[in-house]
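A.B. asks: In the numbering used here, the protein residues as written are 795 to 992.
1. What's the gap between the Cα of residue 965 and the Cα of residue 937?
2. CA-CA distance, residue 949 and residue 834?
3. With residue 864 and residue 842 assumed to form a contact (beta carbons below 8 Å), what rounded beta-carbon distance in angstroms separates them?
4. So, under 8 Å CB-CB, residue 918 and residue 881 are touching, yes? Tell me the CB distance rounded to an integer number of Å.
5. Have a look at the DSSP bridge pairing and note the partners of residue 982.
6. Sorted by chain position, which residues of the same chain lie with C-beta nearer than 6 Å to residue 912's C-beta, five sequence neighbours on each side aside?
7. Can you tell me which residues form a DSSP beta bridge with residue 816?
8. Suppose you measure from the CA of residue 947 to the CA of residue 982; what does that come to, to the nearest Å?
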């Protein structure tokens, strides 16, 4: 059975767009800058208005309280948001297992957000997202600010999470080699339409 479906979505000047994700499936999404990829992810996570139908486990998005939907269908933006001074205040539960996997010790929770590099913020934002145990991960350039070593670490972590939790991934990237290695199918977004590339 399909895990996640979006049917005939129309938003701004884009669409209609349709997409299906099975459990444990990873789908890539690429396309030129400004083609609407990030907006598409925001629509799927119920952050922007749209017309059409979105379902998770055959249950409509409209039957979810919005924060519950975003916990299950989670967006990792290209630039993460941090609203408290210290890192630990952004986490509702202990996420030690994920922190260690991306190279942080427990004391990172006491760090000031202001001391983080862009790449550190990106890895910690991924941990924050995984702590909610989402069923669908919407990834907007999740490794864009990472060095080669940390790119590999994040790719491995996402692969492991997907397999263990039967989660679906929609992975936006301009790096075609990365998408070929980490996804089963790649869509191109252009002129407000989705087309299968590979």
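Note that beta-carbon positions come from the ideal geometry of N, C-alpha and C, so glycine has one too.
C.D. replies: Quick look at the numbers:
1. Rounded to whole angstroms, residue 965 to residue 937 spans 10 Å at the Cα level.
2. Computed Cα separation, rounded: 22 Å.
3. Not quite, the Cβ-Cβ distance comes to about 12 Å (not below 8 Å), so this is no contact.
4. Yes, residue 918 and residue 881 are in contact; Cβ-Cβ is about 6 Å, under 8 Å.
5. Residue pairing by DSSP puts residue 982 in a beta bridge opposite 824 and 989.
6. Excluding residues within five positions, the ones whose Cβ falls inside 6 Å are 939.
7. According to DSSP, residue 816 bridges with 796.
8. Roughly 26 Å between the two C-alpha positions.
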